[in-house]
Amino acid sequence: MKPRFPIAPFAGALALALLAGCGEQPQVARYEQGKYEGKADTRPWDGAAFNGDRTAWELALRNRIVGQNEYKRVE
Amino acid sequence: MARMKFLCDAERCIECNGCVTACKNEHEVPWGVNRRRVVTINDGVPGERSMSVACMHCSDAPCVAVCPTNVIYQTEEGVVLHDKDGCIGCGYCFYACPFGAPQFPNGPAAFGARGKMDKCTFCAGGPEENHSEAEFEKYGRNRLAAGKLPLCAEMCSTKALLAGDGAEVSNIFRDRVLRRGKGIEAWGWMTAYGAEKEEAK
Chain A
866 MKPRFPIAPF AGALALALLA GCGEQPQVAR YEQGKYEGKA DTRPWDGAAF NGDRTAWELA
926 LRNRIVGQNE YKRVE
Chain B
3 MARMKFLCDA ERCIECNGCV TACKNEHEVP WGVNRRRVVT INDGVPGERS MSVACMHCSD
63 APCVAVCPTN VIYQTEEGVV LHDKDGCIGC GYCFYACPFG APQFPNGPAA FGARGKMDKC
123 TFCAGGPEEN HSEAEFEKYG RNRLAAGKLP LCAEMCSTKA LLAGDGAEVS NIFRDRVLRR
183 GKGIEAWGWM TAYGAEKEEA K
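Shown next, in the form of structure tokens:
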């Protein structure tokens, strides 16, 4: 006797769906390096004080840094 | 010029909080936000140590790595800054920072009510025109563009807090350590300023 609904295709699809659960997918997240997406900044020596003269800016800053050493200041 | 760094000499810090006050005043930092603070270990016990802590401007900064909107960046001089316009106040940077540097002023932001992140800028302002009103309002004063060092370090009365190029700051500290010696005989004044001063005291 022929069944009213074809069971074989449904049973096959169900078996395939259940078997899919046995598949192994990579579970580790991949991290990607982000890139700065904010506004661009002006460099410290680009202001009115140094007019783009990086050497002068570095010299001014170096004098301040060295001035923090009181042993050098009292020499 | 290499990388800008802070160095706090725990032997010299007297917990005066001058650096904290200088920072708050210079940048007009709102109530509840401390870009810099002084931490004391073994308070009241002989041998206690204090240290001034703020953003350490890490070479490989974790806050830059975790920011979901990618608005934290590092300048050529190694200063870690951020664009407040793109900050959503999620607080990820706070969880990532080992020093607790990111601060939240409880204001409106896209993500919750923490407000936009605020932190030490090494007195280098932010991504706005140097010395502009917008820069001051959002990030505070830009002393670096004026050829000056952060005010916390320049105001430090004992010169415990040093700021500037990492190599130069290391040289100053190395010189200091060599002069003052070490060991049990070098405690307190001697440790901080050397044996000659002890005799003069």
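In the order they appear, the protein sequences are chains A and B. Per our numbering, residue 866 is the first one in the first sequence, and the count goes up by one each step. Per our numbering, residue 3 is the first one in the second sequence, and the count goes up by one each step. All C-beta atoms in this analysis are idealised placements derived from N, C-alpha and C, irrespective of residue type, glycine included.
- Under the three-state reduction of DSSP, B:Thr77 is assigned to coil, being neither helix nor strand.
- Looking at the DSSP output, B:Gln105 bridges to B:Asp120.
- In this structure, B:Cys89 lies away from B:Cys65, with their beta-carbon atoms at least 8 Å apart.
- Listed along chain A, the residues sitting closer than 9 Å to B:Lys150 by beta-carbon distance are Ala925, Leu926 and Arg929.
- Not flagged as an interface residue toward chain B: A:Gln890, since no C-beta distance is shorter than 8 Å.
- A:Cys887 counts as exposed, since fewer than 16 other beta carbons sit within 10 angstroms of its beta carbon.
- Interface with chain A (8 Å Cβ-Cβ cutoff): B:Lys161 is included.
- Excluding the 5 residues flanking it on each side, A:Gly932 has same chain C-beta neighbours closer than 7 Å at Arg938, in chain order.
- Non-local C-beta neighbours of B:Val31 in its own chain, meaning closer than 8 Å and more than five positions away in sequence, comprise Cys25, Arg37, Asp120 and Gly142, ordered along the chain.
- If you ignore the 5 residues before and after B:Pro129, its C-beta comes within less than 6 Å of the C-beta of Asp85, all in its own chain and listed in chain order.
- If you check the CB distance, B:Leu180 and B:Ser54 do not come in under 8 Å.
- For A:Arg938, the enclosing alpha helix (DSSP H) starts and ends at Glu935 to Arg938.
- Neighbours of B:Thr123 across chain A, judged by C-beta separation under 8 Å, do not exist; the nearest C-beta is about 11 Å away.
- B:Ala12 and B:Val41 have their alpha carbons spaced roughly 10 Å apart.
- Only exposed fits A:Tyr936, as fewer than 16 other CB atoms lie within 10 angstroms of its CB.
- For the pair B:Ser159 and B:Gly20, the Cα-to-Cα distance works out to about 8 Å.
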